[in-house]
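Worksheet: one structure, shown below.
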Amino acid sequence: MSHWAFQGRGLAFSYPGGTPALEEVDLDIAVGERVALLGANGSGKSTLLKMLDALYFATGGELLAFGHPLTEEAMADDAWAFSFRRRVGLVFQNSDVQLFSPTVWDEIAFGPLQLGLSHEVIAERVQAMLARLGIEKLADRPPHRLSGGEQKKVALASVLVLEPGVLLLDEPTASLDPRTQDALLDILREMHGAGGTIITATHDLDVVSELADRAYFLDETHRIVHEGPIDDTLADDGLLLRCNLARARAVGVR
Amino acid sequence: MSAQGIAPLPPVFLSRLEARPGSPRRRRDFLAKTIAGFSQAMENALLAEGFSRRGGLLQGLDPRLKVAAGAVLLVSAALVRHPATLAGLYVVVLLLAAASHLPLGWLLKRVGVAVLLFTGALALPALFLTPGRDLLSFGPVQPAGFGPLTLAITEQGLRTAALLILRASVSVLLVTLLVFTTPWATLLKSLRVLRVPQFFVLVLSTTHRYIFLLLRTANDMFLARESRRVGRLSGTDNRRWAARAMGHLLVHSYGLSEEVYLAMLSRGFRGEVTAQGREAFQWQSRDSWAAVAALAFAVAAVSIDAMLGWR
Amino acid sequence: MHIPDGYLSPATCVAFYAASAPFWYVAAQRTKRFLTGRMVPLLSLLSAFTFVIMLFNIPLPGGTTGHAVGGTLLAVVLGPWPALLGVTVALVIQALLFGDGGITALGANSFNMAIVLPMVGYYTYRLISRNAPVTSSRHVVGAAIGAYLGLNAAALLTALELGMQPLLFHSADGTPLYAPYGLGVALPVMMGSHLLVAGVLEALITGLVIAYLQRAHQPLLSLREKWEGTHSIRALWIALGALILMAPLGLLASGVAWGEWSADELEQQLGFVPAGLAALSNLWSAPLPDYSIAGIDASLGYVLLAVVGVGFAALITWGLGRMLARP
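Heads up: the sequence lines are chains B, Z and R, in that order. Per our numbering, residue 13 is the first one in the first sequence, and the count goes up by one each step. Per our numbering, residue 254 is the first one in the second sequence, and the count goes up by one each step. Per our numbering, residue 17 is the first one in the third sequence, and the count goes up by one each step.
See the structure below:
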């Protein structure tokens, strides 16, 4: 198995209309790392995350996942797609799009069902997942009767139930109350402790140092403009301003 | 296309405010009515959720049985020909509702409002228009431009009006009873016993789930419109606004569907619909008894009706 | 236009379930082919959309409000087959959760509103907007006229279905067992309100939404072609032919007791309006009294009328298309 979870060289992506969303992106993320993709809204970090999850495919450059090329043709191979989907999970920013099943139980069971696990195994796994996140009492609830924090927990459970080695998170802490944020961070720490890779796209600088050790910075030209250890980069006011991640007044620059 | 959040509609109409004199309430009616409609739809579904979790007679039965028995009873209600038989069915359905802890007053109001307002109004002229033996006549009256008219309630008219109202009521009650004593997700899964295809069941459940999201979005648009309303707008502007809101909602729905598709792919969806969820169904002996009772009852209703004579 | 349970006889219900089933099947197959895995989320969101916009109250001139059905709008944006499924699902949820439209009547409701409405709307639109650039006002006009004709076609079918009930299903003493009004009442009432009010509203709203999409979200307007490719207008003639065929089929299928009736009895049933109201009924049915042509058996009359009606509508649409196609 490759030491690298993802390796990208000169990655580019543009939407069908021709609007560029990413340009010349190079990145290397090792298995077991915690990495943040930092950038303002519209910098392309969500697009990059979807590319890492093989939902969008690069329109330029090359992307490897676990040493294999991650292309549309490669994903057409059921065996490879199966193993990739098991190993990589994405928690969407908008929980409403991720929770499409009629009940919480069905939602968590969706992934395992697609991967063809037996009903007994699925029932066990779902139960274990509900218990682990402390949401057993939500099992029969429909998603529209959940609070924002509960929705996020269920979304996380629906991804973690596949026991992915790599977890991709899109703005995971957005609009969560502090207690739910703490609960979420605990789960992620636990997963990292067990050797998991965590890649978080965010512009929330308050929690990012607890989510990542290293960061890539994207600016409004949709390129990576900086890469480095999280603590150093967060002290670099010029960089934060340039990437539109901090307000001029807050960092004392006029 | 982003599905995250929804951009407010540009307040173009603010520049076209018209302060027209006129009846003060009329113009806001379409906003108020729509908002009321949204909350009623929402409330209805939430009520169904709540009632379906109460412990009662029907809540304790296997949903597949309820779907099948509901279908059989609906058909027998459609087959019978006598108001008396339908009245009997009506009473039995109400008894079942009571045994399932559904508040009867609320149920009658719901069905009463739905049926009496619509079917009742519709059936009223049939009292007079149906040819047959006169029971009660009014007139002659002479409306302007017409010859003298004698209005008479006929026996046939009375019977057909009673049939229509009772049949519509019993049918709506049966469906209400089924839907309000079974959690929606379970109900849909049990539609499989009626051979409804898997993919259709999946679409139904996903639709139901996103109705709430779109209702909320639409509700916000209407509330925002209501709160920004300073003067009165012309009907043309209002229609244009409604069309824009609709177009916007369509774009939003499409964007959401793309994101949902990606979210499904991400968790291993390969385009094939797999059997959903846990086996929530447990056939117990009481279900067998209930099945026998429902069938016997349907047969009894139809035979008694036949004994009353196929007139 | 949602027919509740209790208005249609079991035979009519079965006939319309049977008439709808092949359309549902073909729609599912075709939609699967265009959309592959996207089908479930797309159909679900669109059905939810249809459901929600049927709750939009839209102000009408004169202070009242009405609501649109949106079937033509969906068909114009996504093509007729996904629209067919989308409206059907919305109807199922309305029937189950809100008692709006019946379960036994679902086949008929779906035939009227989910099949005929978007098909008529869509092909009218295609005829008028053919080869027009995406920003052309022909798309707006075509969608509006399509919506008008689609809704009225659905209303006409609804009126026929309801109006046939007392004719076909009554007890020996003449008591109608289901919907009590004959064609003489059902047709003018349904068509009057839809030709003058509901159809106008549907046309206005559909046209305005398409105009909005042209200004604000053009990509959504080119979706359909991406999925379907440029598919031949020949399908229109096939669909029209099928519709003409369906009309008498529906009639025959529901007429279990056709043969038992003498022409006299039919006459008597058709002349449903009491003598005192005859003056009024003459106003409604000027050129073709009671929709039966003198000297021809009534059932044949309906078939003929269906053919003439559809042909007439097609001719007008074709002419309009030609007129508008000229720069």
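Cβ atoms here follow ideal geometry from the backbone N, Cα and C, with glycine treated the same way. As the structure is a computational prediction, the values presented were derived from the model and not from experiment.
Could you tell me the alpha carbon to alpha carbon distance between Z:A367 and R:A111, rounded to whole angstroms? Going by the C-alpha atoms only, they are around 12 Å apart.
The beta strand (DSSP E) enclosing B:V178, as first and last residue numbers: The continuous beta strand (DSSP E) containing B:V178 extends over residues V178 to D182.
Check the Cβ of R:L224 against every Cβ in chain Z and list those closer than 7 Å, keeping chain order. In chain order: R492, R493 and A496.
Specify the secondary structure class of B:G44 as computed by DSSP and reduced to three states. DSSP places B:G44 in coil when its eight states are reduced to three.
Buried or exposed: which applies to Z:V545, given that a residue is buried once 16 or more other Cβ atoms fall within 10 Å of its Cβ? Under this definition Z:V545 is an exposed residue.
DSSP beta-bridge partners of B:R226: B:R226 has B:V47 and B:P241 as its beta-bridge partners, per DSSP.
Counting only the same chain and skipping the five closest in sequence on each side, list residues whose C-beta sits under 7 Å from that of Z:A387. In the sequence as displayed, the identity of residue 387 of chain Z is Asp instead of Ala. Take Z:D387, set aside five residues on each side of it, and the residues of its chain with a beta-carbon closer than 7 Å to its own are A405 and T407, in chain order.
Those runs of the beta strand (DSSP E) which lie wholly inside the region 29 to 61 of chain R and span at least 3 residues: The region 29 to 61 of chain R contains no whole beta strand (DSSP E) run of 3 or more residues.
How about R:L113 and R:S126: are their beta carbons less than 7 Å apart? For R:L113 and R:S126, no; Cβs fall outside 7 Å.
Name, in chain order, the residues that DSSP records as bridge partners for B:G101. Its beta-bridge partners are B:L179.
Which of the three DSSP states, helix, strand or coil, is assigned to B:I236? In the structure shown, B:I236 falls within a strand segment according to DSSP collapsed to helix, strand and coil.
Just the C-alpha distance for R:T32 and B:G73, rounded to the nearest angstrom, thanks. Note that residue 32 of chain R is Phe in the sequence shown here, rather than Thr. Note on geometry: alpha-carbon atoms of R:F32 and B:G73 lie some 56 Å from one another.
Among Z:R497, Z:S353, Z:T435 and Z:P436, whose alpha-carbon lies nearest the alpha-carbon of R:V225? Closest option to R:V225, Cα to Cα, is Z:R497.
Give a single yes or no on whether B:F96 has its beta carbon closer than 6 Å to a heavy atom of the ligand FMN. The ligand content of the structure shown is nil, which means the ligand FMN is not present either.
For Z:L299 and Z:F433, what's the separation of their Cα atoms in angstroms? Answer to the nearest angstrom: the Cα atoms are 10 Å apart.
Rank Z:M295, Z:G313 and Z:G303 by C-alpha distance to the C-alpha of Z:D540 and give the top, closest one. The residue with the shortest Cα to Cα distance from Z:D540 is Z:G313.
From B:R235 to B:E45, what does the alpha carbon distance come to, in whole angstroms? Looking at the two C-alpha atoms, the distance is approximately 22 Å.
Taking the Cβ atom as the reference point for each residue, do R:A170 and R:A219 lie within a distance shorter than 7 Å? Taking 7 Å as the Cβ cut-off, R:A170 and R:A219 do not qualify as a contacting pair.
Using the C-alpha atoms, what's the distance from R:L236 back to B:A70? Between B:A70 and R:L236, the C-alpha separation is close to 23 Å.
Does B:F25 come within less than 7 Å of chain Z when only Cβ atoms are used? With respect to chain Z, the C-beta atom of B:F25 has no partner C-beta closer than 7 Å.
Classify Z:H335 as buried or exposed, calling it buried when 16 or more other Cβ atoms lie within 10 Å of its own Cβ. The C-beta of Z:H335 has 16 or more other C-beta atoms within 10 Å across all chains shown, which makes the residue buried.
Whole alpha helix (DSSP H) elements within the region 64 to 118 of chain R, 4-residue minimum: Note on the region 64 to 118 of chain R: whole alpha helix (DSSP H) runs with a minimum of 4 residues are 87 to 94 and 96 to 114, in chain order.
Endpoints, the alpha helix (DSSP H) within which R:A219 is located: Where R:A219 is concerned, the enclosing alpha helix (DSSP H) starts and stops at G215 to A232.
Spell out whether any CB of chain Z is found under 7 Å from the CB atom of B:F18. No, its Cβ sits nowhere closer than 7 Å to a Cβ of chain Z.
For B:F112 and chain Z, any beta-carbon pair shorter than 7 Å? Chain Z contact via Cβ: present.
Indicate whether at least one CB of chain Z lies closer than 7 Å to the CB of B:F78. Taking Cβ atoms only, chain Z never reaches closer than 7 Å to B:F78, which makes this a no.
By Cβ distance, which residues of its chain are closer than 7 Å to Z:V552, with the 5 residues on each side in sequence left out? Excluding positions up to five away in sequence, the list is empty.
Near-chain R residues of the region 455 to 470 of chain Z (beta-carbon distance less than 9 Å), N- to C-terminal order: So the list reads L455, V456, L457, S458, T459, T460, H461, R462, Y463, I464, F465, L466, L467, L468 and T470, given in the order they occur along the chain.
Other residues of its chain near B:R226: CB distance less than 8 Å, five sequence neighbours each side excluded: Exclusion of the five residues before and after B:R226 leaves E45, R46, V47, A48, E239, G240, P241 and I242 as the residues of its chain whose Cβ lies within less than 8 Å of its Cβ.
Spatial neighbours of B:A17 in its chain, beta-carbon cut-off 6 Å, leaving aside the 5 residues before and after: Within the same chain, and ignoring the five residues on either side of B:A17 in sequence, the residues whose Cβ sits closer than 6 Å to its Cβ are I41, V43, V178 and T209.
Please tell me whether Z:G521 has its Cβ less than 7 Å away from any Cβ of chain B. True, the Cβ-Cβ gap to chain B drops below 7 Å.
Take R:A44 as the anchor and find which of R:H83, R:L94, R:L100 and R:D21 has the nearest alpha-carbon. Nearest C-alpha to R:A44: R:L100.
Kindly indicate which residue of R:L184, R:A202 and R:T120 has the alpha-carbon position closest to the one of Z:L211. Not covered by the structure: residue 211 of chain Z. The range shown for chain Z is 254 to 564.
For B:E202, count neighbouring C-beta atoms within 10 Å of its own C-beta (all shown protein chains included) and say buried if the count is 16 or more, exposed if not. Under this definition B:E202 is an exposed residue.
Within the region 128 to 192 of chain B, note down every full beta strand (DSSP E) run reaching 3 residues or more, in order along the chain. Taken in chain order, the complete beta strand (DSSP E) segments of 3 residues or longer contained in the region 128 to 192 of chain B are 178 to 182.
Three-state secondary structure (DSSP) of B:E74: DSSP, reduced to helix, strand and coil, places B:E74 within a strand of the structure shown.
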